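S.K.: A single structure is presented below for examination.
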Amino acid sequence: MQSFEFYNPTRIVFGPGTVPRLDDLVPAEARVLVLLGGSSARKNGTLEEVRTALGAREVVLFEGIEPNPTYETLMRAVTLVRERGIDFLLAVGGGSVIDGTKFVAAAALFDGDPWTILESFGQAVTKALPFGCVLTLPATGSEMNNGAVITRRETVAKLPFLSPHVFPRFSILDPDKTRTLPVRQLVNGVVDAFVHVIEQYLTFPAGAVLQDRFAEGLLQTLIGIGPDMPGDPGDDARGALMWAATLALNGLIGAGAPQDWSTHMIGHELTALRGIDHARTLAAILPANLRVRRDAKRAKLLQYAARVWGITDGPEDRRIDLAIERTRAFFESLGVETRLSSLGVPASDIDVLVGQLEAHGMTALGESHDVTPALSRQILETAF
Ligand code: NZQ
Ligand code: ZN
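Encoded structure:
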């Protein structure tokens, strides 16, 4: 196994009815900016619960962080933080609100042009305001990691940044908050978490024996609860989805393991260009990516086939084909399309998408840095 450092300072408070814990978790004297998405938290009563829990603290609201949060919107929140002397941020929402809050936390204390935060992939961040989260949508893992993805509308760029300064201080994970989620978002959560595991697991053997077993457990859990999502999943499945999505991207399974992330980086360009939900881009790109890179990933594909799908018989290539097809069938069974053509993407977008990858420096992706623009093109072509 490779050497690694594992650092994760985020405190998790998990369980139904845990929002009142905000009173102990947010400093008593804090001037708090509560950041929200569109209207879901207001409509379903979460905002009211949060306000009650914050008691007499000075609270300012910033509403309107959109899915795939934009720099343009978030910079208005940065101005508000500065004007109102805010010293603590509270994200109430899904990955977009939490990612947006991470950017605001870093940008509010940043000297110079805040877009540098994205251009430097977070290297330029030296400090950030403290913040906590109330998670309302299990999917991204943002509630327990130090990454965020921000879109700049002006330049059609969707870029990630990472910084040790943007781990949440705490995250409240109340599975009951998922009750008002449309099925579309629940299944998006299953697919996003699934692909997060795959990006850190389906690479090449690196002696990460325990991380592999954790990863396979997460995949099997998601495969087990996925079919429950369209009806009422029940408390156990809601809880399992929330905890699995958090553990899928909190650094645990990726520690000391090679990591891919090419499906994500290609997917981000699709979202930037076409506004397609993050998870839906992944479901369309992943099967094609595995098909195109099957030789480089051969050993782990065979392990994935055997341990996750129970495919152990027949020639190796047949087992690999079956594992990729089972993955596709799993997404489709959730009502998630796995072809770019089904998502309404025209083939003429391929040139634009490859151009965007080049413009954003995404020219040596993957666990072996061999996913060049030419290979990304092949993956995109295979995804139709
Ligand atoms: O905006 P509101 O009205 O709140 O509605 C939201 C939004 O429309 C709604 N929603 C959230 N909680 C709800 C609810 N509706 C009813 N009841 C609730 N309890 O769901 C919609 C989608 O929300 P969003 O936050 O955009 O979804 P998600 O959590 O999937 O986040 C996606 C974003 O996270 C980034 C993606 O790129 C995308 O921008 N990612 C962040 C990562 C990270 N920080 O580690 C990793 C991921 O790979 C991903 O890239
Ligand atoms: Zn993702």
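Numbering-wise (the working numbering), the sequence shown opens with residue -19 and increments by one. Think of the CB as a built atom: it goes at the ideal place given N, C-alpha and C, for glycine as much as any other residue. It should be emphasised that the depicted structure is a prediction, and the values quoted were computed from it without experimental measurement.
1) Could you give the first and the last residue of the continuous beta strand (DSSP E) run that contains SER151?
2) HIS176: buried (16+ other C-beta within 10 angstroms of its C-beta) or exposed?
3) State the Cα-Cα distance for the pair ARG417 and GLN358, rounded to the nearest angstrom.
4) Assign THR158 to one of two classes, buried (16 or more other C-beta atoms within 10 Å of its C-beta) or exposed (fewer than that).
5) Whose C-beta lies closer than 6 Å to the C-beta of ASN125 among residues of the same chain, with five residues either side of it excluded?
6) Does DSSP put PHE68 in a helix, in a strand, or in coil?
7) Alpha carbon to alpha carbon, how far is ALA57 from ARG132? Give it in angstroms, no decimals.
8) Going residue by residue through the region 3 to 71, where are the continuous alpha helix (DSSP H) segments of at least 4 residues, counting only ones entirely within it?
9) Quick one: what's got a C-beta closer than 6 Å to GLU134's C-beta in the same chain, skipping five residues either side?
10) What is the residue span of the alpha helix (DSSP H) that ALA276 lies within?
11) Between which two residues does the alpha helix (DSSP H) carrying LYS82 extend?
12) Taking the alpha carbon of PRO326 as the reference point, which residue from ASN48, GLY346, LEU360, CYS113 has its own alpha carbon closest?
13) Does the distance from the C-beta atom of ILE265 to that of ALA363 stay below 8 Å?
14) Could you check which residue in GLY121, LEU202, GLY324, ASP93 has the C-alpha nearest to that of VAL77?
15) Count the other CB atoms within 10 Å of the CB of TYR365; is the residue buried (16 or more) or exposed (fewer)?
16) So which of VAL61, LEU5, PHE(-14) has the shortest CA-CA distance to ILE(-8)?
17) Within a Cβ cutoff of 6 Å, which residues of the same chain sit near ALA279, ignoring the five residues on either side of it in sequence?
18) I need the boundaries of the beta strand (DSSP E) containing ILE130, first residue and last residue.
19) May I have a chain-ordered list of the alpha helix (DSSP H) segments no shorter than 4 residues that lie completely inside the region 197 to 275?
20) Report the residue from VAL316, ASP67, PRO(-11) whose alpha carbon sits nearest the alpha carbon of VAL146.
21) Does DSSP classify ILE291 as helix, strand or coil?
22) State the start and end residues of the unbroken alpha helix (DSSP H) segment that holds GLY(-5).
23) For LYS138, which of helix, strand or coil comes out of DSSP?
24) Give the single residue among THR226, PHE(-14), ASN269, MET209 whose Cα lies nearest to the Cα of ASP350.
25) Is the beta carbon of LEU142 sitting closer than 8 Å to the one on PHE174?
26) Out of ARG287, LEU337, VAL170, ASP329, which has the shortest C-alpha to C-alpha gap to ALA259?
27) Give me the residue from LEU89, THR50, TRP223 with the minimum Cα distance to PRO110.
28) Is the region 6 to 20 in contact with the region 38 to 50, if contact means three or more CB pairs nearer than 8 Å?
29) Closer than 8 Å by C-beta to LEU253: which residues in its own chain qualify, once you throw out the five before and the five after it? Chain order, please.
30) Look at the alpha carbon of ASP3 and the alpha carbon of THR343, and state the distance between them as a whole number of angstroms.
31) When DSSP builds the beta bridges, which residues end up paired with LEU115?
32) Smallest Cα separation from ILE205: which of ARG308, GLY247, LEU314, GLY290?
33) Which residue from GLY197, ASP79, PHE83 puts its Cα closest to that of VAL61?
34) Quick one: give me the first and last residue of the alpha helix (DSSP H) that TYR181 is part of.
35) Tell me the DSSP bridge mates of VAL351?
36) Using C-beta distances below 6 Å, list every residue in its chain close to LEU198, excluding the 5 sequence neighbours before and after it, in chain order.
M.R.: Result, derived from the coordinates:
1) 150 to 153
2) buried
3) No information on residue 417 is available, as it lies outside the stretch -19 to 364 that the chain covers here.
4) buried
5) LEU229, ASN230
6) strand
7) 15 Å
8) 20 to 23, 26 to 34, 51 to 64
9) none
10) Here ALA276 belongs to no alpha helix (DSSP H), and DSSP marks it neither H nor E.
11) 75 to 87
12) LEU360
13) yes
14) GLY121
15) In the structure as shown, the chain starts at -19 and stops at 364, and residue 365 therefore has no counterpart that could be examined.
16) LEU5
17) PRO185
18) 127 to 132
19) 215 to 228, 242 to 254, 258 to 272
20) PRO(-11)
21) coil
22) GLY(-5) -> no alpha helix (DSSP H), and no H or E assigned at all.
23) strand
24) ASN269
25) no
26) VAL170
27) LEU89
28) yes
29) VAL136, ASP329, VAL332, LEU333, GLN336
30) 46 Å
31) GLY73, LEU153
32) LEU314
33) PHE83
34) 163 to 181
35) LEU345
36) VAL177, ALA224, ALA228
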